[in-house]
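In our numbering, the protein residues as written are 1173 to 1251.
Below: the structure, in structure tokens.
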């Protein structure tokens, strides 16, 4: 499940940031993300994963690795 979730999160990051080759430890904000892009990111993740994600989650967990871990912890049974 973790690999599939990480692949989905990575694909959405690639889409909203317009950058290929994003790794699990790359910081969303260092890659050019901001609050507006974070809002779009969470909306797309909610749509693709079917769970509610607060935009503050991106601020608190700004790497793919951290975000995937948090999503598994918060929504693991629904992913």
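The beta-carbon is built from N, C-alpha and C at its ideal position, and this holds for glycine as well.
### Message
Among the candidates 1181, 1208, 1222 and 1211, whose CA atom is the shortest distance from the CA of residue 1197?
### Response
What you label residue 1197 is simply residue 25 of the chain shown in a count that begins at 1. It is 1181 whose Cα lies nearest to the Cα of residue 1197.
### Query
How many whole angstroms separate the CB atoms of residue 1240 and residue 1213, which I take to be in contact at a CB cut-off of 8 Å?
Along the chain shown, one-based indexing puts residue 1240 at 68. Along the chain shown, one-based indexing puts residue 1213 at 41. At roughly 13 Å, the Cβ-Cβ gap does not stay under 8 Å, so residue 1240 and residue 1213 are not in contact.
### Query
Where does residue 1199 fall in DSSP's three states?
As a working mapping, residue 1199 is identified with position 27 in the chain shown. Residue 1199 falls in the strand class under three-state DSSP.
### Message
In whole angstroms, give me the CA-to-CA distance for residue 1210 and residue 1221.
### Response
Here residue 1210 refers to the residue found at position 38 of the chain shown. Here residue 1221 refers to the residue found at position 49 of the chain shown. Taking the straight line from one Cα to the other gives about 16 Å.
### Query
What residue does the alpha helix (DSSP H) around residue 1224 start on, and which one ends it?
What you label residue 1224 is simply residue 52 of the chain shown in a count that begins at 1. Here residue 1224 belongs to no alpha helix (DSSP H), and DSSP marks it neither H nor E.
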